[in-house]
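As you go down the protein sequences, you meet chains A and B in turn. Following numbering that gives the first Met the number 0, the numbering of the first sequence begins with 0 at its first residue and continues without gaps. Following numbering that gives the first Met the number 0, the numbering of the second sequence begins with 0 at its first residue and continues without gaps. A virtual CB, placed ideally from N, CA and C, is assigned to each residue, including glycine. Notes follow once the structure below has been shown.
Number of protein chains: 2
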Amino acid sequence: MEMKVATAVACRDCALYQTAKVLGLETPDCSSLNRVVLRDHPVEKNEVLYREGDSFRYLYLVHSGSCISSATILGRKSQVMGFHLPGELAGIENIGQQKCNHTTRVLEKGSVCQLDFLMLEETLGKDELIRVQSYLLGASAIHARQLQWERSLTGLQTAEQRVAAFLLNLAGRFESHGFPAQKFRLPMSRDAIADYLGLAMETVIRTLKNLHKKELISTQAKNIEILNPTALNALLRS
Amino acid sequence: MEMKVATAVACRDCALYQTAKVLGLETPDCSSLNRVVLRDHPVEKNEVLYREGDSFRYLYLVHSGSCISSATILGRKSQVMGFHLPGELAGIENIGQQKCNHTTRVLEKGSVCQLDFLMLEETLGKDELIRVQSYLLGASAIHARQLQWERSLTGLQTAEQRVAAFLLNLAGRFESHGFPAQKFRLPMSRDAIADYLGLAMETVIRTLKNLHKKELISTQAKNIEILNPTALNALLRS
DNA sequence: ATGCAAATCTGATCCAGATCAACAGTTGCC
DNA sequence: GGCAACTGTTGATCTGGATCAGATTTGCAT
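Below you can see the structure in the form of structure tokens.
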């Protein structure tokens, strides 16, 4: 059977729109807003939003679809650094840097809003600059929290714990953007999950199967249902 | 034989002093500076700088000695999140948060400078606010880079790679603060390294021994000498 | 110096997960 | 519609590192 869930954030819930409002760009005629924000730009699967080494210019808000970031680091050809779900920003990791340090590409086709930083800075008074900086500090803090969460995956010994933590993190993020937390579709391949968690793909597959068998979750291809979040959480504590 | 190395940054090299200068607090009589910065405050081993849940107020610059940060996260009682060497800031991870999300304690006795954020904000004009925010964005970016580096440890398969990466990271940080990169003293226990890297203490010990046997490094208790940085780096690429 | 507690090291065992290999299912493309 | 390429799944094997149990060293306090 097919699971149907909402797949896009409403414009009023879009973080970039909120941002633009906060930044004082929401003039009645939307002229300032439209100079800086490109709304609802469609993107195709595998399209690259920005590449490692590009000079940093845009912040992206995933409106529908999803994205994956990867980076060349510590001598590995490429390591999956994170995923961007509908309602989330991509590119925050570049704040305060000259160049992009991730490559971010589209995982599932959809649309993004794009905020142009160069354009933004051109037309900035002192008060606006203060607001922008405040906002960026907040965004950086949110990003740092997710990074710290990911960093703490290192401390989880078993594959089961890592996969459980991953599913709960996704669930929480979906929920905080207005999607159901119990039932969702994984935007990424098993391979990408494995890379993200530092496991082999086979281990991810077997672990998901095992959690299914234990009736903590239900999996059918990319469709996930979390049946027992409490027990899932308890796994992390053992 | 005893290895002697410098163990404290000079005041003029202290990041907080630089910071204060950048922020325009370096009046001839140091009155503004002294209101906001507590210079060279001695700290004892195991002293807590700030605790998880405390409201965020101070940024610390490790002048001499060293610190360790840990946090309760993902259901673990405590996970080592990072180390703060002489010349480095502690507390940046709290920027943009109300409450501290790490507990940071002194690993080796020494002294710290302390920057009071509350006091700072009280006496801030627009221009100063802009400078402070700029500085904080830069500091956050540096912190995020280290976090990303740590996050990518997840992708390293073997204990040897993780330990090698750890030693090279420490070496680079020592060097960038004016200390020798090849020869230094580990401020932390094997246990803390293990926790930080997500390994068992015994594995860390054996791996260090093994790297010694291969003559890539030389270890004598907490004294480390990196004999072949190139080969050490090459380990990460295999 | 001396002694004691904490930190470090060594050895032995065992198992979770990596790796290899073969195959099935899916998607998209001519 | 059918082939190619990717993605997912299962089974079998093997090894690196966790775990447990001790021995030894280090460094601090007196």
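A straight line joining the alpha-carbon of Arg205 (chain B) with that of Gln145 (chain B) spans about 26 Å. Spatial neighbours of Glu214 (chain A) in its own chain (CB-CB distance under 8 Å, excluding positions within 5 residues in sequence) are listed in chain order as Leu226, Asn227.
When secondary structure is reduced to three states using DSSP, Leu58 (chain A) falls in the strand class. Taking Leu210 (chain A) as the centre and dropping the five residues before and after it, the same chain places the C-beta of Ile216 closer than 6 Å to its C-beta, in chain order. For Ser68 (chain A), the closest of A:Phe183, A:Val105, A:Arg172 by C-alpha to C-alpha distance is A:Val105.
Around the beta carbon of Ser151 (chain B), 16 or more other beta carbons lie within 10 angstroms, which makes this residue buried. If you ignore the 5 residues before and after Leu231 (chain A), its C-beta comes within less than 8 Å of the C-beta of Ala163, Leu166, Leu167, Leu210, Leu215, Ile216, Ile225, all in its own chain and listed in chain order. Per DSSP, the unbroken beta strand (DSSP E) holding Lys108 (chain A) starts and ends at 102-115. According to DSSP, residue pairing for Phe82 (chain B) in a beta bridge involves B:Ile67. By the criterion of a C-beta distance shorter than 8 Å, Glu87 (chain A) is surrounded in its chain by Ala14, Leu60, Val61, Arg172, His176, once the five residues flanking it on both sides are discounted. Distance from the Cα of Ser65 (chain B) is smallest, within the candidate group B:Gln96, B:Lys182, B:Asn100, B:Cys112, for B:Cys112.
The C-alpha of Leu123 (chain B) lies about 29 Å from the C-alpha of Val47 (chain B). The C-beta of Leu155 (chain B) comes closer than 8 Å to at least one C-beta of chain A. Contact between Leu196 (chain B) and Phe183 (chain B) does not hold, since the beta-carbon distance rounds to 18 Å and is not under 8 Å.
Measuring C-alpha to C-alpha distances from Asp194 (chain B) to each of B:Pro85, B:Gly81, B:Tyr57, B:Asn45 identifies B:Gly81 as the nearest. The C-alpha of Gln181 (chain B) is placed about 12 Å away from the C-alpha of Thr229 (chain B). The C-beta of Ile129 (chain A) comes closer than 8 Å to at least one C-beta of chain B. Any Cβ of chain B closer than 8 Å to the Cβ of Ala140 (chain A) would place that residue at the interface, and such an atom is present. For Ile192 (chain A) and Ser54 (chain A), the gap between their C-alpha atoms comes out near 28 Å.
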